[in-house]
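Reading through the C-alpha cells given below for one structure.
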Amino acid sequence: MAKGRKVTPLPVKERKGTVRKCREPQNAPVAEALKEVPDVPDYFVVGGLAMQMWYRVTRWLIAQDIIAKVDLHNVEAFCFAYETWRIAGEELRDGGPTIMNPQGSVIKNPAATVMKEASGELRAFGALLGLNPADRSRMITGGAKQKPDNEFSEF
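So in this note's numbering the end of the sequence shown lands on 157, straight run, no missing numbers.
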C-alpha cells in the first residue's frame, strides 16, 4: 500500500498562504499553541543534557509559534534521545570503537549501536518538530508566493 504525501497541518498551510477551505475538514481539531515553556518532565536529571535541550527546543518552538501541548511528547522523546546520543558518544570516545568481552575477544562497542539508534530517533522526532533545515523550510514559510510583475499584462 502506497503511503502518499504527508498531510500538512492547517497552521502550516495558513503560514504559507496555501489554505484551501474547500479541501479542509469542517470539524478538524485545533490545538492551541503554547505561550510559555512548560515544566520539564520529572524524570529528567536536573541540569542534565535532556533538561538543557528541553529549554532550548521549547523556547525556539514557542518563538516560532509551532508547538502545542499535544506535541510535548515529541519534544520529550527528542530530548531523551539527545541525552542518550551524547552519553553514548562519550562512552564511545572513552572506550574506543572496539572493546574486549569477558571471553577475551574483541567486539564492537555497544555504545556505537546505542548512538546509532539514538541518532535515528533524533532524526525522526526532529523532523516531526521541524528541527532540521528541510522540515523547517516546509513548516515556516512566509506567505504565498507573489507572482512577478509582467510587463506585458496590459496587452
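Cβ atoms here follow ideal geometry from the backbone N, Cα and C, with glycine treated the same way.
Ala35 in three-state terms, based on DSSP: If you number the sequence shown from 1, residue 35 lands on position 33. Correct three-state label for Ala35: strand.
Please state whether the Cβ-Cβ distance between Ala114 and Pro99 is less than 9 Å. Taking the first residue of the sequence shown as 1, we reach residue 114 at position 112. Taking the first residue of the sequence shown as 1, we reach residue 99 at position 97. Yes.
So, does the region 47-56 touch the region 84-93, judging by three or more C-beta pairs under 8 Å? yes
Which residues does DSSP list as the beta-bridge partners of Lys110? Here the question's residue 110 lines up with position 108 in the sequence shown. BP columns for Lys110 point to Thr100.
Going by the DSSP bridge assignment, what does Ala70 pair with across the sheet? As a first step, residue 70 must be located in the sequence shown, where it is residue number 68. According to DSSP, which records beta bridges pairwise, Ala70 is partnered with Ala35.
On the DSSP letters alone, give me the boundaries of the alpha helix (DSSP H) that Ala65 sits inside. As a working note, residue 65 is residue 63 in the sequence shown. Start and end: Leu51 to Ala65.
Exposed or buried, what is Thr20 when buried is set at 16 or more other beta-carbons lying within 10 Å of its beta-carbon? Sequence index remark: in the sequence shown, residue 20 carries index 18 (1-based). Exposed: under 16 other Cβ atoms inside 10 Å.
CA-to-CA distance, Gly91 to Arg7, given in whole angstroms: Numbered from 1 along the sequence shown, position 5 holds the residue referred to as residue 7. Numbered from 1 along the sequence shown, position 89 holds the residue referred to as residue 91. Their Cα atoms are separated by approximately 35 Å.
Could you have a look at Lys8 and say whether DSSP puts it in helix, strand or coil? Working through the sequence shown from its first residue, we reach residue 8 at position 6. DSSP places Lys8 in coil when its eight states are reduced to three.
Nearest candidate by alpha-carbon position, reference Glu38, set Pro31, Lys118, Leu131 and Val59: Numbered from its first residue, the sequence shown carries residue 38 at position 36. It is Val59 whose Cα lies nearest to the Cα of Glu38.
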